[in-house]
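Below is one structure, written out as structure tokens; comments come after it.
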Amino acid sequence: MSEARIGVYVCHCGSNIAGTVDVAAVAKWAEDLPNVVVSRDYKFMCSSPGQEMIETDIKELGLTRVVVASCSPHLHEPTFRGACSRAGLNPYLFEMANIREQDSWVTTDQVEATKKAMSLVAAAVSRVAYQQPLESLFVPIDPNVLVVGGGVAGIQATLEIADSGRHVYLVEREPSIGGHMAQLDKTFPTLDCSACILTPKMTNAANHQNVTLFTWSEVEKVEGYVGNFTVTIRKRARYIDEPLCTGCGVCQEKCPKKVIDDVFEAGIGYRKAVYIPFPQAVPNTPVIDRDNCIFFEKGTCKACEKFCPTGAIKFDQEDEIITLKVGNIILATGYDLFDARRIPQYGYGRLENVFSSLEFERLTNAAGPTLGRVVLRDGVTVPKSVGIIHCVGSRDKNYNNYCSSICCMQSLKFAHMVKERTGAEVYEFYIDIRTPAKAYDEFYQKVLGEGTHFIRGRVAEVTDAARQPGEEGKLIIQAEDTLIGKQRRIPVDMVILSSGLEARADAKEVAIKFGISCSADEWFIEKHPKLDPVATMTDGVFVAGACQGPKDIPASVAQGSAAAARVMSLIGQGEVEIEAATAIVNEETCVGCQECIPSCPYGSIEFLEDKKKAHIIEALCKGCGTCVGTCLSKSITLRHFTDEQLVNEMIGAMQSMKLFEAQDLVIVE
Amino acid sequence: MPDNGAGKSFYERVAAATPGGDVLMKCLQCGTCGGSCPSGADMDSTPRQLFAMISAGMEDEVLSSNTPWYCVSCYYCTVRCPQEIPITMIMYTLKRMALARGHYHKDAHINWSKSFTNFVELNGRSFELGAMTLFGLHNPFAIVKQGGLGVQMITKGRMPPVPERIRNMPQLTAILNEAKRIAEEEEV
Amino acid sequence: MTDRLPALQEVIGKLLPDVDGVLGLKVGPAGIVSPHLFVKDLADELASLAIWPKEPLPGTLKIIQKAHPDAKLAIVCRGCEERGIVEMAKHYQIDLANVTLIGLQCTQEEAEFCRCAKPFTVHAQTTIGTPIAGVPDTLTDEFAALSREEKLAFWKEEFLHCIKCYGCRNICPQCFCNVCTLEDETWVETGRLPMPQPAMYHLIRSMHMTAKCVACRECEETCPAGIPMAIQFRLIARDVKEMFNYETGAEIDQPPPQLLVLEEGEYERTGLPH
Amino acid sequence: MVEPKIIGFLCNWCSYRGADTAGMARMKYPPNVKIIRVPCSGRISPELVLRSFREGADGVMVLGCHIGDCHYGTGNHRTAKRMPVLKKLLEYNGIEPERLCVDWVSAAEGEKFATLIREFTETIKALPPFVEVIK
Amino acid sequence: MSQSTGHYGFYPGCSMGATARSYLQSTEAICKALGLTLKEVDDWNCCGASEYISMNSVAAYSLIARNLSLAAQEGHTDLVAPCNMCFLNLHKVDGYMEKYPKINQQVGRALAAGGLSYKAGSVHVRHLLDIVVEDVGIDAVTAKITRPLKGLRVAPYYGCLLTRPDSRYSPEYPTHLDDLLEALGATVVEFPLKTQCCGGHMTQIKEATAYDMIRRILQNAAEDQADAIVTICPMCQLNLDAFQPQVNGMFKTKFHLPVLYFTQMMGVAFGLSNKELGIGSEITSSKTAFRKIGQEEPEEQKSLKRDKNALPMPRL
């Protein structure tokens, strides 16, 4: 690589690097490295003058390679690649040495930090000489979009995109869209009726000319890459002919089989084996629940079929497999409620008047099983005292370590509604009250003013074992009132557990399906927690709403809109640059053993039967290099991460380390 | 706040003397421990309050509290603590620290523990009757009230009149003496 | 041995009208045994058929098949050669559909010579001789029991004699690459003797033998320095069996483990951190 | 004791970001490890590890995403199959298998990364000097 | 685990020779019936209960570790403790030695002074109940029943230390004793306080505190109409049984709840004699309770207003 003319640029990053690393010494030292033509240090390399310095050198000194020693490439690699491009140098002829995150910030000793910076620069210089220019491939973006999950975040994203004139496929697992929001009665802090604000959006989404709705459906497979995904959807059999069904509800009325509704009614109400989950459901088409239908169980009944006025019942219907082409995907798959049965001392599932938060939502809902009456499990008795327990399953290393973010406000709302509906005494047991968003703390103050008792202390247990007079027949909430420093036992009629939110039980599977990652708590991981909260590491796949972390309605809606904006921006660009650092097979040396084919996570390697050689479909290759690690004859090369490049990077680092071992480094001040 | 010779804060010493005690600083002050404690009503400060006092360096107040002495070692606090703080073990640490510095709450049942331990160190086995009697010397009131029970236990064959002793007492004594020497080393 | 030879001649004689050729061993004029393709017209050549010393026939089979992809062939194979053929088929180097396997069961002496755990065929359509039980590989066991320092000293001594003649690679039926990593300067320094980093050569080769070595011991046999390199391959084979439940060449349908994603319970057996 | 020379091959998506996270949190660790970024731990062929030893590395680290979190889905499954075998092989050649560290570090695990580096550097320091088998 | 061998090291603990003699008798009786071999660790010493550790932790750990060391020396991989306190202490010290190098080293040094050593994790400490439920299995127990405990309402009382901390069973709501008693034919009452503390050593130190804790448990069992409380720990038995008259005196209550060991219940169901099982040594007599066996139980009255309005319950 004698023709390489390398420029080295060492950044001070203010005092971030220069405070620990002798940047001038590093730049001076780099001058003597092979092929280095110029080596400079500068206060802020990423600033305009810094970039211009590089551009000028490329042009005036005829540099053919550039090394910048500064921060992590995850931060500024695109910046400096851009500078090279502007000066006419192929961006892949640029290499970065990370002397901030991996050196100045983590090393205490200044001499050691300087030596490490030198080694990292030497490694980059050694590598860059072997780098090759690469041309990016551009592929057109399919303007159709897939939205997975029809809760409020998914609906919002769908409407935004559909309104812009692009087509959206909205896939929902349940028979109706609406998500958890459809289950609620009131929303905090404004106490608007949830159905009143959500239903119009649901109808809008379903009737929109640019939306195709798939309910009772799930995504089975995702192939392809940004701009060009092929998605396979399983549309489960409803056993109802959708075009024929008018949604009159007679089937549901006549069905003799009553089932506890664990989904929409949160287990506190019933539905039939053929059912529309709730009156405002969209679409207004029932499904037959195969597992509970008498006909599917015993072969007789067919009451629904007998009474259906349009003959829409189709017991022989089968699942449909649908293949779609989309350019972008938004995941808005929502959350699961923490199962309070996991905390036995709170008695949920054992003590009948302990309710989960979603059960209570359904109790207060005018369309719920009690038509909005707040009553005990017997269905009649109005409670005279109610305890609300915060942080159930949240902020607890035994369960979920995070704050579920919505429970405080939800509990305050519950307190207000209990007061409003029953006039009962309400006790809120909390660790901290967190009301940070707009108009939230005002709501807290309002509830305080309503006479709710606030007891600061995490509840130890809920029991029906009376200890002293006045406790018989009650649920006793035992906690330390930490503001008094005394143990208290509060007898109440009803306990509401403000359960936390959890990632969907199948979040991990879904993440793998869509090629994104999950955090330890199984929430989907965004590209950047602050600056890119709705994108993921996989181009073309975005997240919105509670699947990314606990979130209330306003935040979910905002994310739905944000994800839609990101997608529309991509569509607007028309085409997308795909990974230039792809793998390529050397057909001359390939022996056709086909080991590489199953090793590729993307199925991007095909076997050319005529030549008996492997071949990589460039557009499908994501550049992971797993095939390279597999190929024994080294017949596959991963561009930009070739063996030559990596080995020389390693040699650069090793040689400098050996050098420092042999002689002490003298830093020139 | 006064530090000991090693220059370690009170919190650091409590944490170091308790297996897994280094998470003490993560106490959320949620009160689950105090709420769960079956004898919590009798404590002058709840465990949570002690933790706040420990982090505030209030060594005298903490070590003269009756709280550790009311701990019945049921471990409810430990298993329920959302921060996985080994609260029961911290109570043991506080008891030892209180004993070591020589003055402790009047409710401390130090004589019972001492009588019990004495018999173990003497025979290798515990001896209820002996411990009760010995304890009774310090606490004659108890022996009057529970005397009838003792008689009943003896007649039912549930309280042998003489202690059992293990064969290899020298070995046990050697182990315990060495352990105490190690523990002393630790104190310095 | 004497009773197996006529039996084999008879089997080949019967097979020959139906196949285009039978690959076996032949004694040449100077008494040298070499691979030979017995074809229809020369059925009387069978008189010169040999069965010992063994030569690695699967590699020859691959060459013939590549030149004549449609030819119907038969091959005389021992247990190890059968495993080699199975393994090569998994890597698309041999097309099993066009091959008839004539299984030659090894004798006790032969098995002991090879320290062979499986001196018999399992897939062959026809078999000659009586299968015998495997022989314990005491050499490998003894090596495994050495301390790390002893192992190091062991190889240091052995590798000192390596002249990097590539004989072990050339004879190996599983070394079917067109170009070889061992000749690439990037990995193995070439052109100097004694070898500058002898372990580099052998480590890479051992790594490439993972889930591939069929324990035929041809490499050791051919090595002019007599390096017992199969010890490493055999130990790795035991690890692969333990970690990924894979036995090289045993099952025709089981893909090699390195091609598959981790299965339930496999990760736990790798010894990697949790 | 001479400072050990260590090469770390880190996957771009989890482990390299984990190293960045450690940096952003200003966690301190010894400077011995020089990191080489690869797209996926599946890219790391055993030859790369061996070549680093040949070049004089006293230890090599191979860090990837946790199993199940691979940016490429299953790239690290190959790592989990290859590297244990390589470790065994080192052992059979009389080389301490501890010289090869294979572990998983997520982008969030800055602390784990720093701890790993500290521990691995200590481990290598504690080993007898690397003999001239590969070097 | 030695499920199949049925051989275990046995650490009886001090109470078994004294206050809990009937526990030892009934344990021996049911082991014989089930073919279980418990081999007493030779020359074991006291575990220090909850007292020693408040005096000196290193000495307390070392005291306990001597037993682990002896058990390991005798070749036991499973060491059975029938007492919750002993179980916790042995289990805990083994775990500490494994987890905390400093403790491991300190205890190691102390043991060495007595010519002993112990490698953490080599002895698996288990409670007798765990052996019966997990290794012997409910089915094998059922097979031995000749006199099912039909008609007897029992409150399963676990106490604290078996399930807390670090247990494989739920610290709040374990059910394995429930399952065993049900298999014996008894009616197991819903007993929310089943893992509440019995007061431990408080009976000796602060009577008022202890008696109130005992009262809560007795009251809960009485409210659930239990005929007897079944325990798995000598300390629990002692506190609930022997102090029952004192509790009645202090709170003006009339509890009469015999407190029996689960091994005694098994023995009764196996048709063994009261003498073999040490029944009769309890302070609160069990005569009336045992008379109920075989009697038809009155139909349980569900007091709940379960009418058409009732809402479904979440299922456990």
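Residue numbers (the numbering used here), protein chains in the order written: chain A, 0 to 668; chain B, 1432 to 1619; chain C, 98 to 371; chain D, 3 to 137; chain E, 615 to 930.
Backbone N, C-alpha and C fix where the C-beta goes; we use that ideal spot for every residue, glycine too.
Practice prompt. Mind listing the chain H neighbours of C/L356? Cutoff is C-beta to C-beta under 7 Å, in chain order.
Written response: Absent from the structure: chain H. Protein chains present are A, B, C, D and E.
Worksheet item: Under 8 Å, do A/V231 and A/Y168 count as touching if we go by C-beta distance?
Response: Here the question's residue 231 of chain A lines up with position 232 in the first sequence. Here the question's residue 168 of chain A lines up with position 169 in the first sequence. Reading the sequence as shown, one finds Thr at residue 231 of chain A and not Val. At least 8 Å separates the beta-carbon of A/T231 from that of A/Y168.
Worksheet item: Under 8 Å Cβ-Cβ, which residues of chain A neighbour C/F273?
Response: By one-based count along the third sequence, residue 273 of chain C stands at place 176. Residues of chain A passing the Cβ test: V590 and C592.
Worksheet item: Quick one: Cα of E/P781 to Cα of A/I320, how far?
Response: If you number the fifth sequence from 1, residue 781 of chain E lands on position 167. If you number the first sequence from 1, residue 320 of chain A lands on position 321. Looking at the sequence provided, one finds Ser at residue 781 of chain E rather than Pro. Between the C-alpha atoms of E/S781 and A/I320 there is a straight-line separation of about 48 Å.
Discussion item. Is it the case that the stretch 31 to 48 of chain A contacts the stretch 1 to 20 of chain A, given that we only count it when at least three CB pairs across the two stretches are under 8 Å?
Written reply: Flag = yes, the stretch 1 to 20 of chain A and the stretch 31 to 48 of chain A touch.
Discussion item. The beta strand (DSSP E) that contains A/Q477, what's its start and end?
Written reply: Position 478 of the first sequence holds residue 477 of chain A. First-last of the beta strand (DSSP E) with A/Q477: L474 to D480.
Practice prompt. At 8 Å on the CB atoms, spell out the chain D contacts of C/G368, in chain order.
Written response: Numbered from its first residue, the third sequence carries residue 368 of chain C at position 271. By Cβ distance, chain D contributes P86 and K89.
Worksheet entry | Those runs of the alpha helix (DSSP H) which lie wholly inside the stretch 192 to 278 of chain A and span at least 4 residues | The stretch 192 to 278 of chain A contains these whole alpha helix (DSSP H) runs: 193 to 206 and 249 to 253.
Worksheet entry | Within 7 Å of chain B by C-beta, residues of the stretch 822 to 837 of chain E in sequence order | Those residues of the stretch 822 to 837 of chain E placed with their C-beta closer than 7 Å to a C-beta in chain B are T823 and M827, ordered along the chain.
Worksheet item: chain A partners of B/E1492, CB-CB under 7 Å?
Response: On the second sequence, residue 1492 of chain B is found 61 positions in, with the first residue counted as 1. Taking the beta carbon of B/E1492 as reference, no residue of chain A falls within 7 Å; the closest one sits roughly 13 Å away.
Fill in: Simplified DSSP state of E/D692, which is helix, strand or coil
Looking up residue 692 of chain E in the fifth sequence gives position 78. In the three-state reduction of the DSSP assignment, E/D692 falls in the strand class, which pools E and B.
Fill in: Separation of A/T55 from A/A669, as counted between CA atoms
No information on residue 669 of chain A is available, as it lies outside the stretch 0 to 668 that chain A covers here.
Discussion item. Across the stretch 148 to 161 of chain A and the stretch 311 to 319 of chain A, are there enough close Cβ pairs to call them in contact, namely three or more that are closer than 8 Å?
Written reply: Too few Cβ pairs lie closer than 8 Å, so no.
Worksheet item: So is A/V25 in contact with chain B if we call contact Cβ pairs under 8 Å?
Response: Looking up residue 25 of chain A in the first sequence gives position 26. A/V25 does not count as touching chain B.
Practice prompt. Identify every residue that forms a DSSP beta bridge with A/E427.
Written response: The residue you call residue 427 of chain A lines up with position 428 of the first sequence. DSSP, once it has assigned bridges, lists A/I387 and A/F453 as partnering A/E427.
Fill in: Near-chain A residues of the stretch 23 to 45 of chain D - C-beta to any C-beta below 9 Å
Answer in chain order: T23, A24, G25, M26, A27, R28, M29, K30, Y31, P32, P33, N34, V35, K36, I37, I38, R39, V40, P41, C42, S43, G44 and R45.
Discussion item. For A/C390, tell me which candidate among A/T369, A/V373 and A/Y429 has the shortest Cα-Cα distance.
Written reply: As a working note, residue 390 of chain A is residue 391 in the first sequence. Selected option, being the one with the closest Cα: A/Y429.
Worksheet item: Apart from the five residues on each side of it in sequence, which residues of its chain come closer than 6 Å, Cβ to Cβ, to E/R929?
Response: Translated into positions along the fifth sequence, residue 929 of chain E becomes position 315. There are no such residues.
Worksheet item: Between which two residues does the alpha helix (DSSP H) containing A/V337 stretch?
Response: In the first sequence, the residue the question calls residue 337 of chain A occupies position 338. Reading off the sequence shown, one finds Phe at residue 337 of chain A, where the question assumed Val. Element bounds for A/F337: n/a, residue is neither H nor E.
Worksheet entry | Residue interval of the alpha helix (DSSP H) (run including E/D826) | Locating residue 826 of chain E in the fifth sequence gives position 212, counting from the first residue. For E/D826, the enclosing alpha helix (DSSP H) stretches over residues E821 to E837.
Worksheet entry | Near-chain D residues of the stretch 330 to 354 of chain C (beta-carbon distance less than 8 Å), N- to C-terminal order | Those would be L332, I333, D336, V337, M340, F341 and P354, in chain order.
Worksheet item: Given that a residue counts as buried once 16 or more other Cβ atoms are within 10 Å of its Cβ, and exposed if not, what is E/D855?
Response: Residue mapping note: residue 855 of chain E aligns to position 241 of the fifth sequence, counting from 1. By the neighbour-count criterion, in which a residue is buried when 16 or more other Cβ atoms sit within 10 angstroms of its Cβ, E/D855 is buried.
Worksheet item: Short check: CB of C/D234 to CB of C/R331, under 8 Å?
Response: Walking along the third sequence from the start, residue 234 of chain C turns up at place 137. Walking along the third sequence from the start, residue 331 of chain C turns up at place 234. Cβ distance < 8 Å, so C/D234 and C/R331 count as in contact.
Item to complete: Kindly identify the DSSP beta-bridge partner or partners of C/L120.
Response: Mapped onto the third sequence, residue 120 of chain C falls at position 23. In DSSP, C/L120 forms a bridge with C/L134 and C/I172.
Worksheet item: Opposite D/L102 in the DSSP bridges: which residues?
Response: As a working mapping, residue 102 of chain D is identified with position 100 in the fourth sequence. D/V62, per the DSSP bridge assignment.
Item to complete: Give every residue of the same chain whose Cβ lies closer than 6 Å to the Cβ of A/I176, excluding the five residues on either side of it in the sequence, and list them in chain order.
Response: The residue you call residue 176 of chain A lines up with position 177 of the first sequence. Closer than 6 Å at the Cβ level, and outside the excluded window around A/I176, lie G149, M201 and V281.
Worksheet item: Using a Cβ-Cβ distance under 8 Å, would A/G13 count as near chain D?
Response: Taking the first sequence and counting its residues from 1, the one referred to as residue 13 of chain A is at position 14. Under the Cβ criterion of 8 Å, A/G13 is not counted among the residues facing chain D.
Fill in: Cross-strand partners of A/V461 (DSSP beta bridge)
The residue you call residue 461 of chain A lines up with position 462 of the first sequence. A/I476.
Discussion item. Checking 8 Å against the spacing of the C-beta atoms, do E/Y771 and E/I828 come in under that value?
Written reply: Along the fifth sequence, read from residue 1 onward, the residue named residue 771 of chain E stands at position 157. Along the fifth sequence, read from residue 1 onward, the residue named residue 828 of chain E stands at position 214. At least 8 Å separates the beta-carbon of E/Y771 from that of E/I828.
Discussion item. Taking the straight line between their C-alpha atoms, what separation do you get for A/I287 and E/T801?
Written reply: Stepping through the first sequence from its first residue, residue 287 of chain A is reached at position 288. Stepping through the fifth sequence from its first residue, residue 801 of chain E is reached at position 187. Those two C-alpha atoms are separated by around 41 Å.
Item to complete: Taking 8 Å as the threshold, find out whether the stretch 255 to 270 of chain C comes into contact with the stretch 5 to 24 of chain D through three or more Cβ pairs.
Response: Touching, no.
Practice prompt. Could you say which of C/Q329, C/E184, C/V196 and C/L356 lies nearest to C/L170 if we only look at CA atoms?
Written response: As a working note, residue 170 of chain C is residue 73 in the third sequence. Minimum Cα-Cα distance from C/L170 among the listed residues C/Q329, C/E184, C/V196 and C/L356 corresponds to C/V196.
Worksheet item: By how many angstroms is the C-alpha of A/V37 removed from the C-alpha of A/S47?
Response: Position 48 of the first sequence, counted from the start, is the residue given in the question as residue 47 of chain A. Position 38 of the first sequence, counted from the start, is the residue given in the question as residue 37 of chain A. About 19 Å.
Worksheet item: Going along the chain, which residues of its own chain have a beta-carbon closer than 8 Å to the beta-carbon of E/V655, five neighbours each way excluded?
Response: Looking up residue 655 of chain E in the fifth sequence gives position 41. Hits under 8 Å: G623, F624, Y625, N681, L684, A685, E688, H690 and L693.
Practice prompt. Could you give the DSSP three-state label for B/D1434: helix, strand or coil?
Written response: Counted from its first residue, the second sequence places residue 1434 of chain B at position 3. Because B/D1434 sits at a pLDDT of 41, beneath the cut-off of 50, its placement in the model cannot be relied upon, and the following sentence gives the value as read from the coordinates. Coil, per DSSP.
Worksheet entry | CB of E/R778 within 8 Å of CB of B/Y1501, strictly | The sequence position of residue 778 of chain E within the fifth sequence is 164, counting from 1. The sequence position of residue 1501 of chain B within the second sequence is 70, counting from 1. One thing to note: E/R778 has its Cβ no nearer than 8 Å to the Cβ of B/Y1501.
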